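Positions 22 to 116 (my numbering) are the ones given, in order, by the sequence shown. Just so you know, even glycine gets a beta-carbon here, dropped at the ideal spot from N, CA and C. Only a predicted model underlies this, so the values are computations on that prediction, with no experimental measurement involved. These notes are about the structure you will find just below.
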Amino acid sequence: MKKYRNIPEQEISVAAYYIWKDKNPYEVLCWLLAERQLYIEINFVKPSFLQIAERAEKIFSSEIPYDVLCWEIGLSNLIIQKNTSIDNLNSIFRD
C-alpha cells in the first residue's frame, strides 16, 4: 500500500481516531483490516470470506498494537474512499 502514502498524516489520524473511539474488540479490528487490505490488493473487488479469515488470523497472530490497527484501518478506509465512489464502507463488506 506504499503507493497510497500520499494521504496526509493528519487525515489518517482523524480516520484512525474514529476507528479507535468505537472501542471494537481486537479480533474485530483484525477482521476489519484484513477485509480492507484484501479489497485494495485485489483491485477493489470484495474478497471471499475464506480470504478474509486467513488474513485476519495472520494479523491477529502478529500482535499488532491496537492503535496501529486503528491507523491501518483508517488509512485503508481513506484509500478506498479516494479510489472508489463508495462513501459507506459497510455496504462493501456486509451482505
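So, under 8 Å CB-CB, residue i and residue j are touching, yes? Tell me the CB distance rounded to an integer number of Å.
{"i": "residue 65", "j": "residue 104", "result": "6 Å"}
{"i": "residue 57", "j": "residue 97", "result": "4 Å"}
Specify the secondary structure class of residue i as computed by DSSP and reduced to three states.
{"i": "residue 67", "result": "coil"}
{"i": "residue 104", "result": "helix"}
{"i": "residue 83", "result": "coil"}
{"i": "residue 73", "result": "helix"}
{"i": "residue 27", "result": "coil"}
{"i": "residue 90", "result": "helix"}
Could you give the distance in angstroms between the alpha-carbon of residue i and the alpha-carbon of residue j?
{"i": "residue 41", "j": "residue 70", "result": "24 Å"}
{"i": "residue 81", "j": "residue 74", "result": "10 Å"}
{"i": "residue 63", "j": "residue 30", "result": "24 Å"}
{"i": "residue 87", "j": "residue 46", "result": "9 Å"}
What first and last residue would you give for the alpha helix (DSSP H) that runs through residue i?
{"i": "residue 44", "result": "Note, residue 44: premise wrong, no alpha helix (DSSP H); not H, not E."}
Does the beta-carbon of residue i, which I'm using as the reference point, lie nearer than 6 Å to any heavy atom of the ligand PLP?
{"i": "residue 75", "result": "In the structure on display, the ligand PLP does not appear, and there are no ligands present to speak of."}
Can the beta-carbon of residue i be found less than 7 Å from the beta-carbon of residue j?
{"i": "residue 50", "j": "residue 90", "result": "yes"}
{"i": "residue 55", "j": "residue 92", "result": "no"}
{"i": "residue 61", "j": "residue 94", "result": "no"}
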